[in-house]
Amino acid sequence: MTGRRIEKVDSYMPKKTIEELLRERADGLMSIPGVVGTAQGQCSGKPCIKVFVVKKTPELLKKIPSAIEGYTVTVQETGVIRALRSGYRR
Amino acid sequence: MATTVYAAKPTEGPPGIKRAIEAQEAHTDALLAIPGIVGTAVGLRNDAEPVVKIYTKSAKVAGLPEELDGVPVSVQVTGRIAALDKPLPAASFTYTCSDYTVDFDASASSGTKLTYDWDFGDSSTGSGVTVSHTYQDAGTHTVTLTVTDKFGVTSLPSSQDVTVPCEPVNKPPVASFTYECLDLVCDFDGSGSYDPDGDIVKWEWEFGDSSTGSGVIVSHTYQEAGTYTVTLTATDNDGAADTDTQGVTVGNPPSRYPRPADIGTSSGSERLTRVRGSWYCTVGTLGVRLTDGTSVYALSNNHVYALEGKGEIGDRILQPGRVDMTDQACGSTDEINDAVIGNLAAYVPIQFRPNANNKVDAAVASTTTAMVGQSTPLATGYGIPSSTTVPASVGLPVQKHGRTTALTTGTVIGINAIIVVEYDRGLARFDGQIEVGGSDFSAQGDSGSLIVTSDGLNPVALLFAGGDTSTFGNPIEDILSELSTELGTTLSIDGS
């Protein structure tokens, strides 16, 4: 049978792919002070948006939506993300 | 024997002395002609009566008058009158000398039962027919000898100037050489040798492989690779010699580190990096061997091999990195030389901007299959990675072997990650990154590790950054394509 695949969604608008959504929204999320990254993840088997932060503070959590266009947003405290070399002072 | 007549005329005396003088003067010549008469004089007999004295050699002289012109004659047996010609003692000496020590010999002096007095000209004195004296200071000293005989008569002084050190001491030469080797052929150059007070006349070489040579510049071909002890002996025109000995490494040298090196082990640049005024050696992990069909390369991060773009193409790349060397902080020269596996060949520049679109943090060193192998360490690794890469997907089980945490397993929990990474040079934004979950998947020093699938060992990503909860890697396909562009050749994983 041909035709459009129907997904069970909470609204009548076809859901953007998470890739498309992140492309649109990543810069906005990254511009929040304390946010060091975003990624596509899986939360309970479903695609979700991951936001990486230096520290999960109540103030910061208020600024990050818990869902965007149907995708759950999960906040992960990575701390500062660093290049993983080791150094020794001579 | 010559005789000399000495005469003296008195100018005054008691009465009648004038008559005695005239008598003596008138007859002395005739008297002296008489054998046995040795002299005449005018004197006083009994302290009052002027007389003419006749001196005789012996008592047996006959025919002597009893008076001369009315003046009485007194005969005195003096014996032979000889000049008192016993010589003064004479000082005379010779010497021999060695450096600052002078040996004096006064036995050429003349005189009876002499004592010898030396003045060495440096405020010190000595005695004895032979003496030895050591001078403290260089220079010329006037040495004076006087001798005194048994009568207490002292000679005139005899002086000579003595200069110390009195024999020039030959200065030895200084041997010195440099060398240059290409494969097993070395050129040795001894022209840096010199002699401070003459010339070098002979350069003799021992090449450390039982063969020898001579000449100021020589060439030698070794039979096999290795490190040889080479000695140059330089000899000067006075026969003194000096040596210079150096260790010379030729060919593909044996190294104290296992060769070929395993992938997934400590690796870094020889170049130091300066951060906030201090110098550091840095280290990461040798990820995997790459090939373009002709040459092989060691893959790691830009920030490991090219020091965030501060390195230079050609920089020596080491396995292990200097951080892991033990002779001294950041390694000794010997350790560093032993650790060389190749040279920085290319790297992808990183844009240090918070809005940049960096894709990879990658660099390669040109190397050989003798230097870098295909397998992770036998004891701790997973073996040889597959040459076939796969894309990451959330939920994919992966593993890696790195310098710091060795073998660890994890799961991909994020893809298309956009992250801002902190480097020495500042923040750089990367997108399209792969996130592996778990706080113990990696640690500082694991940068450059190849992340492969647990099942199949297919390369997925190159580890480069991490936070408290996650590790991040560049997709391996992006690594290969961006490095291929930099190098101008098509790179692929050199695995199984």
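Residue numbers (our numbering), protein chains in the order written: chain F, 6 to 95; chain X, 814 to 1309.
Every residue gets a Cβ at the ideal spot worked out from N, C-alpha and C, and that includes glycine.
Here the structure is a predicted model, which is why all the values come from computation and not from measurement.
Whole angstroms are fine: how far does the CA of residue j sit from the CA of residue i?
| i | j | result |
| --- | --- | --- |
| Met6/F | Cys48/F | Because Met6/F sits at a pLDDT of 49, beneath the cut-off of 50, its placement in the model cannot be relied upon, and the following sentence gives the value as read from the coordinates. Taking the straight line joining both Cα atoms gives about 32 Å. |
| Thr1048/X | Gly1005/X | 13 Å |
| Thr1302/X | Ala1159/X | 11 Å |
| Ile11/F | Glu24/F | With a pLDDT of only 49 at Ile11/F, under the threshold of 50, the placement of this residue in the model should not be trusted; the figure read from the coordinates follows. Rounded to whole angstroms, Ile11/F to Glu24/F spans 19 Å at the Cα level. |
| Val851/X | Ala861/X | 25 Å |
| Phe1285/X | Val1096/X | 18 Å |
| Gly8/F | Glu64/F | Because the pLDDT of Gly8/F is 48, which lies under 50, any placement of that residue in the model is unreliable, and the number read from its coordinates should be weighed accordingly. Taking the straight line joining both Cα atoms gives about 46 Å. |
| Arg94/F | Glu1148/X | 17 Å |
| Ser1023/X | Phe933/X | 56 Å |
| Thr1062/X | Thr79/F | 59 Å |
| Gly1124/X | Thr1181/X | 21 Å |
| Gly876/X | Arg832/X | 23 Å |
| Ser920/X | Phe1001/X | 59 Å |
| Ala1230/X | Gly1269/X | 24 Å |
| Asp913/X | Glu980/X | One point to set straight first is that residue 913/X is Tyr, not Asp, in the sequence displayed. Cα to Cα, Tyr913/X sits roughly 9 Å from Glu980/X. |
| Ser1080/X | Leu1131/X | 6 Å |
| Leu26/F | Leu1293/X | 28 Å |
| Val977/X | Ala951/X | 5 Å |
| Ala1038/X | Asp996/X | 8 Å |
| Ser1108/X | Ser1179/X | 8 Å |
From the DSSP output, in three-state form, read off residue i for me.
| i | result |
| --- | --- |
| Ile1030/X | strand |
| Gly33/F | helix |
| Asp912/X | coil |
| Leu1296/X | helix |
| Thr1146/X | helix |
| Gly1227/X | strand |
| Ile1076/X | coil |
| Asp1268/X | coil |
| Asp1128/X | coil |
| Val1136/X | helix |
| Gln837/X | helix |
| Ala1241/X | strand |
| Ile1197/X | coil |
| Val1314/X | Because chain X here runs from 814 to 1309, residue 1314/X falls outside it and cannot be looked at. |
| Gly1122/X | helix |
| Glu64/F | helix |
| Asp842/X | helix |
| Asp1049/X | strand |
| Tyr819/X | coil |
| Leu877/X | coil |
| Leu1157/X | strand |
| Glu12/F | The pLDDT assigned to Glu12/F is 47, lower than 50, so where the model puts this residue is not dependable; a value taken from the coordinates is nonetheless given after this. Glu12/F falls in the coil class under three-state DSSP. |
| Met6/F | With a pLDDT of only 49 at Met6/F, under the threshold of 50, the placement of this residue in the model should not be trusted; the figure read from the coordinates follows. Coil. |
Under 9 Å between beta-carbons, which chain F residues line up against residue i? List them in chain order, please.
| i | result |
| --- | --- |
| Thr1078/X | Simply none; closest approach about 13 Å. |
| Ala1278/X | Ile86, Arg87, Ala88, Leu89 |
Counting only Cβ pairs nearer than 7 Å, list the residues of chain X close to residue i.
| i | result |
| --- | --- |
| Val41/F | Ile1232, Val1233 |
| Arg97/F | Given a span of 6 to 95 for chain F in the structure shown, any question on residue 97/F remains unanswerable. |
| Leu27/F | Asn1229 |
Would you list the one or two residues that DSSP bridges to residue i?
| i | result |
| --- | --- |
| Glu993/X | Asp1000/X |
| Ile86/F | Val1234/X |
| Asp918/X | Thr907/X, Thr943/X |
| Tyr1041/X | Val1061/X |
| Asn1171/X | Phe1243/X |
| Gln973/X | Val956/X |
| Thr853/X | Ile867/X |
| Gly46/F | Cys53/F |
| Ser1091/X | Val1088/X |
| Tyr929/X | Val960/X |
Whose Cβ in chain X lies nearer than 8 Å to the Cβ of residue i?
| i | result |
| --- | --- |
| Glu24/F | Asn1229 |
Output, in chain order, the set of chain F residues within a Cβ distance shorter than 8 Å of residue i.
| i | result |
| --- | --- |
| Val1136/X | Ser91, Gly92, Tyr93 |
| Ile762/X | This structure cannot settle anything about residue 762/X, because the visible part of chain X is limited to 814 through 1309. |
| Glu755/X | The structure shown does not extend to residue 755/X, since chain X spans only 814 to 1309, so no value can be given for it. |
For the ligand PLP, is there any heavy atom lying closer than 7 Å to the beta carbon of residue i?
| i | result |
| --- | --- |
| Pro985/X | In the structure shown, the ligand PLP is absent, as is every other ligand, since no ligand is present at all. |
Residues of chain F with a CB under 7 Å from the CB of residue i: which are they?
| i | result |
| --- | --- |
| Tyr1236/X | Ala88 |
| Ile1226/X | Gly46 |
Original post:
Which residues, in order along the region 70 to 84 of chain F, keep a beta-carbon less than 7 Å from a beta-carbon of chain X?
Top reply: Taking a C-beta cut-off of 7 Å against chain X, the contacting residues of the region 70 to 84 of chain F are Gln81, Glu82, Thr83, Gly84, listed in chain order.
Original post:
Listed in chain order, which residues of the region 1158 to 1185 of chain X have Cβ atoms closer than 9 Å to some Cβ of chain F?
Top reply: For the region 1158 to 1185 of chain X, which is checked against every Cβ of chain F, the residues closer than 9 Å are Pro1167, Asn1168, Asp1174.
**OP:** Please name the residues in the region 1091 to 1116 of chain X whose beta-carbon is closer than 8 Å to at least one beta-carbon of chain F, in chain order.
**Re:** Of all residues in the region 1091 to 1116 of chain X, only Ser1091, Trp1092, Tyr1093, Cys1094, Thr1095, Val1096, Gly1097, Asn1114, His1116 place a beta-carbon less than 8 Å from a beta-carbon of chain F.
Subject >> Interface residues of the region 35 to 59 of chain F facing chain X [CB-CB below 7 Å] >> reply: Listed in sequence order: Met35, Val41, Gly42, Thr43, Ala44, Gln45, Gly46, Gln47, Lys55, Phe57.
Subject >> Residues within the region 1252 to 1266 of chain X neighbouring chain F, beta-carbon criterion of under 9 Å >> reply: If you check each beta-carbon in the region 1252 to 1266 of chain X against every beta-carbon of chain F, the ones closer than 9 Å belong to Ser1255, Ala1256, Gln1257, Gly1258, Asp1259, Ser1260, Gly1261, Ser1262.
Original post:
Quick one, which residues of the region 1195 to 1216 of chain X are near chain F if we go by CB-CB under 7 Å, in chain order?
Top reply: So the close ones are Val1207, Gly1208.
**OP:** Select from the region 1267 to 1301 of chain X all residues with a C-beta closer than 9 Å to any C-beta belonging to chain F, and list them in chain order.
**Re:** Contact residues of the region 1267 to 1301 of chain X toward chain F are Leu1276, Phe1277, Ala1278, Gly1279, Gly1280, Asp1281, Thr1282, Ser1283, Thr1284, Phe1285 (C-beta to C-beta distance below 9 Å).
**OP:** Check each residue of the region 1046 to 1072 of chain X: if its Cβ is closer than 9 Å to any Cβ of chain F, include it; give the result in chain order.
**Re:** Within the region 1046 to 1072 of chain X, no residue has its Cβ closer than 9 Å to any Cβ of chain F.
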